[in-house]
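Quick note on numbering: our numbering labels position 42 of the sequence shown as 44, and the sequence is numbered without any gaps.
Note that beta-carbon positions come from the ideal geometry of N, C-alpha and C, so glycine has one too.
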Amino acid sequence: MDDFGTGYSNLSSMPELSFEVIKFDRSLIRIMNDERKGQKTIELPADIMYENDYSIVAEGIETAPQVKNAHERRLDRIQGFYYAKPMPEDEL
């Protein structure tokens with residue numbers, strides 16, 4: 003499920019759809035930096051998803067503190083400009 007936290011991708015749609023990986027939208031990742039409130043906004047849905055055997059990708063990681071927070075929240079994968087900007091396949 004792409005862009006969790008926006009549009010139609012939300013907790014109520016999870017049981018109805020067949021997928022293994024949930025990608026947290028970058029809008030959720032941005033609020034993760036807001037100490038306790040922002041971190042809980044990520045932790046609680048992540049706990050629910052892990053209980054239901056989903057993997058989580060954090061989208062939009064751009065800073066070292068976001069990487070640290072993603073690791074502390076136990077998010078499975080990280081995607082974002084922190085590691086590399088989009089590039090042609092042959093450069094990958």
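- The residues Ile24, Phe26, Ala48, Met51, Leu77, Asp78, in chain order, have a CB closer than 7 angstroms to that of Ile58 in the same chain once the five nearest residues on each side in sequence are set aside.
- For Ser20 and Glu93, the gap between their C-alpha atoms comes out near 33 angstroms.
- Short of 7 angstroms from the beta carbon of Glu45, and not among the five residues preceding or following it, lie these beta carbons of its own chain, in chain order: Arg75.
- In the DSSP assignment, Lys70 falls within the unbroken alpha helix (DSSP H) covering 66-74.
- Annotation: the continuous beta strand (DSSP E) that includes Ile24 extends over 23-26.
- When C-alpha distances from Ala72 are compared across Gln41, Glu18, Ser29, Glu22, the shortest belongs to Gln41.
- Burial is judged here by how many other beta carbons sit within 10 angstroms of a residue's own beta carbon; Glu61 has at least 16 and is buried.
- Ile58: member of the beta strand (DSSP E) spanning 57-61, first to last residue.
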